[in-house]
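Engineer: Residue numbers (the numbering used here): 1438 to 1936.
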């Protein structure tokens, strides 16, 4: 094999069944102005890279990242699911545009794809699979999405997503807690407790793995139950253990000593749960040691009038000890039997802006009074997985391209308690049109299944108003929401960037 020079251009030339018809939108067919012709006349011409212009710069840095590399040849039609060893059974792949399923016709335009269940990848046969979808109607969107140098404007076109539902084969698991207490782990597979030799566990990290791939047999329907005890995070460092020892020789034959031990587990400022109370233990100990040799015994006996011994037939060693402990099982003095939190049935509401869409107007309001919710992109296009805070300069997305609400990394918890950058808020940014009243309305489903709210007692919402020029009323409607958001009487697809 030979090394390929940086300036080399790699391309493929072929025909399909003797013809030139191809579904690859990146291919150059005969008659295309960009087709090189010459010796390739009458054949399909494809560069093995993104973009198809043969008039390129010689420089190595194609995507303006400041590095000389071959990233122009990276394959962008392969998507990693996030897990390997995916089970083919019950595997489901769906394509969305602005939270709406793509139509069958739009999905067909993506072309065929192959799923590698071992590597966990989805590989499209087309090198630019979404190019056909983006070409209706044709505009600059193709050059934006499939450009080697991404511009800030690309956030306006971030509308498509892929959803994958699957099961994966796994014989190792991460337990929810760390600092697992040794010998406290009990594992049942389908109701039967298995021997400890069949698994191993890292007590520090809580990482559990089964040793034998065939014993026990684990399938998609296997029920695995793991019971264990653990120490709370940093619990070891929250306990104090101290001791003191003193010895004193009263004579050459008699030694006395004493020991004091003290241990205390720290507690918080709130009443502890029963079983987690802070405790304190004090231990006091005293001891004495007597050693009499044969010579010392002889001298002591000869000191008695009328007794005269040349030697004592024995020696003497004696030891005495006394100890007592004092234990306070709850230094707080109180214990909480039940905080009642577990008795509540709570339905959480997602704060992800991807889950919220425009809703139908209330019956009492016409469509003309719908208020606009604006969308801002608080992410770096080069690292879309990281949400930015209020110090970041967001990208403003036109309302006709994508309406709000949007996410920003901030929250109601003080920064000293929890970093604001780790919190997430859902922002409803609207504007008043003069002195008129407007009603921005959005909705989301709470569950894919029916939810019983007949016993609903309260709705908890944390909110903060900023830069308000007029009073704002917040209304929450629970139940079945009319899906005809534009009020035209037709349940059509909406917000698919087809303006």
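A virtual CB, placed ideally from N, CA and C, is assigned to each residue, including glycine.
1. Taking DSSP as the reference, what is the three-state secondary structure of residue 1916?
2. Indicate whether residue 1709 and residue 1654 have their beta-carbon atoms separated by less than 8 angstroms.
3. Please name the residue, chosen from 1789, 1478, 1638 and 1796, that lies closest to residue 1922 on a Cα-to-Cα basis.
4. Measuring straight from C-alpha to C-alpha, what distance separates residue 1596 and residue 1538?
5. Considering only C-alpha positions, which residue in the set 1851, 1736, 1920 and 1789 is nearest to residue 1822?
6. Go through the region 1598-1638 residue by residue and report every complete run of the beta strand (DSSP E) that reaches 3 residues or more, in order.
7. Find the nearest neighbour of residue 1702 within the set 1647, 1766 and 1448, judged by alpha-carbon distance.
8. By Cβ distance below 8 angstroms, which residues in the same chain neighbour residue 1619 in space, the five residues on each side in sequence not counted?
9. Are the beta-carbon atoms belonging to residue 1880 and residue 1862 less than 8 angstroms from one another?
10. Give the straight-line distance between the Cα atoms of residue 1917 and residue 1924, rounded to the nearest whole angstrom.
11. Hey, out of 1475, 1481 and 1476, whose CA is closest to residue 1997's CA?
12. Enumerate in chain order the residues of its own chain whose CB-to-CB distance from residue 1842 is below 8 angstroms, with the five nearest sequence positions on each side excluded.
13. Assign residue 1678 to one of three DSSP states: helix, strand, or coil.
14. Once the 5 residues before and after residue 1700 are set aside, which same chain residues still bring their CB inside 6 angstroms of it?
15. What residues are listed by DSSP as bridge partners for residue 1862?
16. Quick one: what does DSSP say residue 1407 is sitting in, helix, strand or coil?
17. Measure the alpha-carbon distance for residue 1638 versus residue 1660 and round it to whole angstroms.
18. Excluding the 5 residues flanking residue 1905 on each side, which residues of the same chain have their C-beta closer than 6 angstroms to its C-beta?
19. Do you know offhand how far residue 1647's Cα is from residue 1623's?
20. For residue 1496, collect the residues of the same chain with a Cβ closer than 6 angstroms to its Cβ; drop the 5 residues on either side in sequence, then sort them by chain order.
21. What's the call for residue 1814, buried or exposed, on a 16-neighbour Cβ count within 10 Å?
22. In angstroms, rounded to a whole number, what distance separates the CA positions of residue 1825 and residue 1451?
23. From residue 1827 to residue 1608, what does the alpha carbon distance come to, in whole angstroms?
24. Enumerate in chain order the residues of its own chain whose CB-to-CB distance from residue 1806 is below 7 angstroms, with the five nearest sequence positions on each side excluded.
25. Out of curiosity, what's the CA-to-CA distance linking residue 1616 and residue 1483?
26. Using only the alpha-carbon positions, how far apart do residue 1611 and residue 1816 sit?
27. In chain order, what are the residue ranges of uninterrupted alpha helix (DSSP H) at least 4 long that sit wholly in the region 1683-1767?
28. For the structure I just gave you, are there three or more beta carbon pairs, one from the region 1710-1729 and one from the region 1738-1748, closer than 8 angstroms?
29. What span of residues does the beta strand (DSSP E) with residue 1534 cover, start to end?
30. Within the same chain, show all residues whose beta-carbon is closer than 6 angstroms to that of residue 1514, passing over the 5 residues directly before and after it, in chain order.
31. How about residue 1901 and residue 1849: do their beta carbons lie closer than 8 angstroms?
32. Check each candidate in 1527, 1523 and 1541 and name the one with the smallest Cα separation from residue 1557.
33. For residue 1625, collect the residues of the same chain with a Cβ closer than 6 angstroms to its Cβ; drop the 5 residues on either side in sequence, then sort them by chain order.
34. What number of angstroms, rounded off, separates the C-alpha of residue 1689 from the C-alpha of residue 1761?
35. Roughly how many whole angstroms lie between the Cα atoms of residue 1958 and residue 1551?
36. Should residue 1680 be labelled buried (16 or more other beta-carbon atoms within 10 Å of its own) or exposed?
Structural biologist: So, to answer that:
1. Residue state for residue 1916 is assigned as coil, using DSSP reduced to three classes.
2. no
3. Measuring from the Cα of residue 1922, the nearest candidate turns out to be 1796.
4. 12 angstroms
5. Nearest of 1851, 1736, 1920 and 1789 to residue 1822, Cα basis: 1789.
6. 1609-1611 and 1623-1626
7. 1766
8. Excluding its 5 nearest sequence neighbours in each direction, residue 1619 has C-beta neighbours in its own chain below 8 angstroms: 1640, listed in chain order.
9. no
10. 16 angstroms
11. Absent from the model: residue 1997. The displayed extent of the chain is 1438 to 1936, so no value can be given.
12. 1790, 1793, 1810, 1812, 1863, 1864, 1865, 1866 and 1879
13. Three-state DSSP puts residue 1678 in a strand.
14. 1678 and 1718
15. 1845
16. The chain is shown only over 1438 to 1936; residue 1407 falls outside these bounds and no answer can be derived.
17. 19 angstroms
18. none
19. 13 angstroms
20. In this prediction, residue 1496 has a pLDDT of 49, which is less than 50 and means its spatial position is unreliable; nothing more can be read from the coordinates.
21. buried
22. 47 angstroms
23. Looking at the two C-alpha atoms, the distance is approximately 42 angstroms.
24. 1874, 1875 and 1876
25. Their backbone Cα atoms lie some 57 angstroms apart in a straight line.
26. 30 angstroms
27. With a minimum length of 4 residues, the continuous alpha helix (DSSP H) runs that stay inside the region 1683-1767 are 1731-1739.
28. no
29. 1529-1534
30. 1561, 1564 and 1566
31. yes
32. Residue 1557 has its Cα closest to that of 1523, out of 1527, 1523 and 1541.
33. 1662
34. Cα to Cα, the separation comes out at about 28 angstroms.
35. Given that the chain is displayed from residue 1438 to residue 1936, the structure contains no residue 1958 and the question cannot be resolved.
36. By the neighbour-count rule (16 or more Cβ atoms within 10 Å), residue 1680 is not buried but exposed.
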